[in-house]
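Participant: In the working numbering, the protein residues as written are 8 to 263.
I have a structure I would like to understand better, so I am pasting it below and will then ask my questions one at a time.
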Ligand SMILES: [Zn+2]
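The following block contains the structure:
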């Protein structure tokens with residue numbers, strides 16, 4: 008088993024190389040580029056350069072798609088815009104040689120669970136068709152969500168993986184906020200693929216679920232590392248406000 012640790016951010020294009028070198032020096036082998044407020048790497052030359060540097064330094068790149076995505080909107084136009092946002096990430100992600108584009112799949116709105124599931128599944132299949140058409144290798148990864156009333160339970164995401172062969176992002180902080188506990192055994196049995204993409208951090212939550220991410224408590228790191236499956240390749244992106252130091256903490260603890 009290998010675990011790759013890294014932060015949820017690369018920062019601006021002009022300092023990307025330095026940042027990657029800094030991560031490498033710390034022993035980190037993953038980095039998620041945050042396009043959460045929009046795709047900010049526009050120039051393909053820049054993307055190529057960043058991708059090459061990451062490969063050279065043995066750092067796995069991934070992308071977090073913009074927050075403004077709802078694959079289950081009642082408005083067709085909003086669904087199309089959401090699909091385009093994910094595909095825009097795939098396009099530049101392919102040049103970056105990123106493995107996955109993580110995204111928040113959508114909301115129930117007035118719809119029932121099954122209808123929401125079907126709509127999101129169909130949108131994923133359509134996005135995958137486009138990816139295939141372009142011969143891209145990048146995969147899309149719906150994320151487990153932290154709020155109780157939002158689509159994205161571990162069961163829903165696992166079912167999407169089974170039925171569309173998409174990738175996935177298990178956010179363990181979100182799972183805790185949503186279910187008030189983390190049933191590791193259930194998660195291990197639900198997600199069969201060999202490669203896991205995960206998010207992790209400390210979290211503050213209420214009855215309704217996620218409130219905000221906080222620094223990752225050491226005992227939470229230990230709990231996670233003790234309970235991850237032993238036969239997989241796992242990427243853990245840390246999303247705490249102190250994501251670089253927290254990633255290094257996790258790495259040190261894993262190495263023992
Ligand atoms: Zn996310």
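Glycine included, every Cβ here is placed at the ideal spot set by N, Cα and C.
(1) Should residue 124 be labelled buried (16 or more other beta-carbon atoms within 10 Å of its own) or exposed?
(2) Is residue 162 near ligand 3 - that is, is its Cβ less than 7 angstroms away from at least one heavy atom of it?
(3) With a 10 Å radius around its C-beta and 16 neighbouring C-beta atoms as the bar for buried, classify residue 182 as buried or exposed.
(4) Assuming residue 73 contacts residue 250 under a Cβ cut-off of 8 angstroms, what Cβ separation, rounded to an integer in Å, is found between them?
(5) Between which two residues does the alpha helix (DSSP H) holding residue 154 run?
(6) Can you confirm whether the stretch 92-107 touches the stretch 132-147 when touching is taken to mean that 3 or more C-beta pairs between the two stretches lie within less than 8 angstroms?
(7) Would you kindly report the start and end of the unbroken beta strand (DSSP E) that includes residue 202?
(8) If you check the beta carbons only, do residue 57 and residue 243 fall under 8 angstroms apart?
(9) Would you check whether ligand 1 has a heavy atom nearer than 7 angstroms to the C-beta of residue 120?
(10) Along the alpha helix (DSSP H) that carries residue 89, what are the first and last residues, could you check?
(11) May I ask you to list the residues that DSSP assigns as paired with residue 240?
(12) Alpha helix (DSSP H) containing residue 66: first to last residue?
(13) Where do the N-terminal and C-terminal ends of the beta strand (DSSP E) with residue 48 fall, by residue?
(14) In the DSSP assignment, find the unbroken beta strand (DSSP E) run with residue 180 in it and report its ends.
(15) Quick check: does the Cβ of residue 178 come within less than 7 angstroms of any heavy atom belonging to ligand 1?
(16) Note down, in chain order, each residue of its chain lying with its Cβ closer than 8 angstroms to the Cβ of residue 162, except the 5 sequence neighbours on either side.
(17) Would you mind working out which of 255, 199, 174 and 50 sits nearest residue 207, comparing C-alpha positions?
(18) If you drop the 5 nearest sequence neighbours on each side, which residues of the same chain put their C-beta closer than 8 angstroms to that of residue 64?
(19) Do residue 210 and residue 184 have their C-beta atoms within less than 8 angstroms of each other?
(20) For residue 103, which option in 235, 20 and 261 has the closest C-alpha, if you only look at C-alpha atoms?
(21) State the DSSP-derived secondary structure class of residue 217, mapped to helix, strand or coil.
Facilitator: Reading from the atomic positions:
(1) buried
(2) With respect to ligand 3, the structure shown offers nothing to examine, as its ligands consist of ligand 1.
(3) buried
(4) With 8 angstroms as the limit, residue 73 and residue 250 do not qualify as a contact, their Cβ atoms being about 19 angstroms apart.
(5) First-last for residue 154: undefined, no H or E at that position.
(6) yes
(7) 202-207
(8) no
(9) no
(10) 83-103
(11) 9 and 202
(12) Premise fails: residue 66 is in no alpha helix (DSSP H) and is neither H nor E.
(13) Where residue 48 is concerned, there is no enclosing beta strand (DSSP E), given that its DSSP letter is neither H nor E.
(14) First-last for residue 180: 179-186, but that is the alpha helix (DSSP H), not the beta strand (DSSP E).
(15) yes
(16) 197
(17) 255
(18) 27, 28, 30 and 31
(19) yes
(20) 20
(21) strand
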